[in-house]
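Down below is the structure, laid out as structure tokens.
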Amino acid sequence: MALSYKARRRLSLLWLVVGLPVYIVLAITIVGLFDRPPFLLELAIYVGLGLVWAFLAKPIFKGVGKADPDADADD
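Given below as structure tokens:
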């Protein structure tokens with residue numbers, strides 16, 4: 013099921029307003045589980061969580077920055 017342009021725009025905004033803070037809290041919580049991990053492990057955790065977050069968001073953000081394909085050309 014493909015999302016409409018307006019639905020993708022709304023979901024992308026929701027994803028940024030809600031999903032990004034949740035990601036930040038999750039990342040800090042996961043790193044806080046360890047006793048100050050080595051720098052490279054901490055970096056790997058942040059990068060890994062960031063990649064997961066980005067891959068989950070990719071279908072939502074795809075084409076959102078372009079003009080609405082469903083709108084009339086006159087608008």
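Positions 13 to 87 (my numbering) are the ones given, in order, by the sequence shown.
Don't be surprised by glycine CBs; every beta carbon is placed ideally from N, CA and C.
All figures in this text were calculated on a predicted structure; none of them were measured in a lab.
Check                                                                              : Outcome
Closest Cα partner of LEU63 within the set LYS18, ARG20 and ALA39                  : ALA39
Straight-line Cα distance separating TYR35 from GLY60                              : 11 Å
CB contact flag (PHE73, SER24, <9 Å)                                               : yes
SER16, DSSP secondary structure in three states                                    : coil
Whole-angstrom C-beta distance between ALA83 and TRP27, which should lie under 8 Å : TRP27 to ALA83, Cβ: 23 Å. No contact.
GLY60 - DSSP class collapsed to helix/strand/coil                                  : helix
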